[in-house]
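Residue numbers (the working numbering): 1461 to 1682.
One structure below.
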Ligand SMILES: *Cc1c(COP(=O)(O)O)cnc(C)c1O
């Protein structure tokens, strides 16, 4: 099947409220343009250098999502154009995004990454750390960031019950934070980014409204 056919197949399975981010990491511009030609406008990358190059070379109406781990010293490269930063995992990073966003006269949308997987290789806050962060008064002073929700990755496993449990847990953290941040100016919990090629159906059932899908559209990465 062609990339556009794959794209249409994934999209045909999605309820209207679910946003598809096509994860184009490692794929060359020609391949990204095929999906673009099929109408796709939201693309995700996990490396700063690659997202910057593609942003420069590809059509300007693409919304670029940084989905991978972000180092503080690289924030300045993406802040001028990035649409959504998915993997904010420290207060220090949020502070740097706020500072660079101010310099660019922008308000940059961010998701907080939550550690839900069993593997300890994945970045992110746990439930307690998140509660502490969203309650801290420092958040209010970050007027150039807008926290729009949470992002998480399930354990890489064929045990789908395990995956479902982790997504359910993330959804429950999401709901809890939405409740306690109702009156926080720069937090508006409306995006729950969870689900990849292998598990997006489960993620949507669990309440995801943004999925990050790469290989199901573009094929296996080499
Ligand atoms: C690569 C990646 C994806 C997409 O993975 P696929 O299995 O190819 O769909 C989603 N999220 C993150 C954070 C990734 O790094």
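Note that beta-carbon positions come from the ideal geometry of N, C-alpha and C, so glycine has one too.
Predicted model only: the values in this text are computed from it and were never measured.
Asked, Found
"Close-in-space but distant-in-sequence residues of the same chain around residue 1547 (CB under 8 angstroms, 5 per side omitted)", "1526, 1527, 1528, 1529, 1530, 1571, 1573, 1583, 1584, 1611"
"Cutoff 7 angstroms; reference residue 1622; Cβ partners in own chain excluding five residues on either side", "1615"
"Residue 1605 and residue 1557 closer than 8 angstroms at C-beta", "yes"
"Any residue whose CB is nearer than 5 angstroms to a heavy atom belonging to ligand 1, listed in chain order", "1483, 1506, 1527, 1656, 1657, 1672, 1673, 1674, 1675"
"Start-to-end residues for the alpha helix (DSSP H) that takes in residue 1601", "1598-1601"
"Cβ-based neighbour list, residue 1551, same chain, cut-off 8 angstroms, excluding 5 preceding and 5 following", "1593, 1596, 1598"
"Contacting residues, own chain, Cβ-Cβ under 7 angstroms from residue 1651 (five flanking each side not counted)", "1571, 1608, 1609, 1669, 1670"
"Euclidean distance between Cα positions of residue 1462 and residue 1498", "11 angstroms"
"Distance between beta carbons of residue 1576 and residue 1630, contact taken as under 8 angstroms", "5 angstroms"
"According to DSSP, residues forming a beta bridge with residue 1570", "1545, 1607"
"Neighbourhood of residue 1479 by C-beta distance below 7 angstroms, restricted to the same chain and skipping five residues each side", "1502, 1669, 1670"
"Supposed contact pair residue 1482 and residue 1673 - C-beta distance, whole angstroms, cut 8 angstroms", "6 angstroms"
"Residue 1560, buried or exposed, once every other Cβ within 10 Å from all chains shown has been counted against 16", "buried"
"Opening and closing residue of the alpha helix (DSSP H) in which residue 1595 lies", "1587-1595"
"Contact set for residue 1641: own chain, Cβ-Cβ below 7 angstroms, skip 5 residues either direction", "1594, 1647, 1649"
"Buried or exposed by the 16-neighbour rule on C-beta atoms within 10 Å, applied to residue 1588", "exposed"
"Sub-8 angstroms separation of residue 1539 and residue 1568 beta-carbons", "yes"
"CA-to-CA distance, residue 1666 to residue 1633, given in whole angstroms", "12 angstroms"
"Inter-residue CB distance, residue 1677 and residue 1475 (contact presumed, cutoff 8 angstroms)", "In fact, because the Cβ distance is near 18 angstroms, the residues do not count as touching under 8 angstroms."
"Whole-number beta carbon distance between residue 1510 and residue 1485, since they are thought to touch under 8 angstroms", "6 angstroms"
"Inter-residue Cα distance where the pair is residue 1579 and residue 1658", "17 angstroms"
"Length of the line joining the Cα atoms of residue 1508 and residue 1654", "21 angstroms"
"Reference residue 1564; option with closest CA among 1541, 1469, 1545, 1625", "1541"
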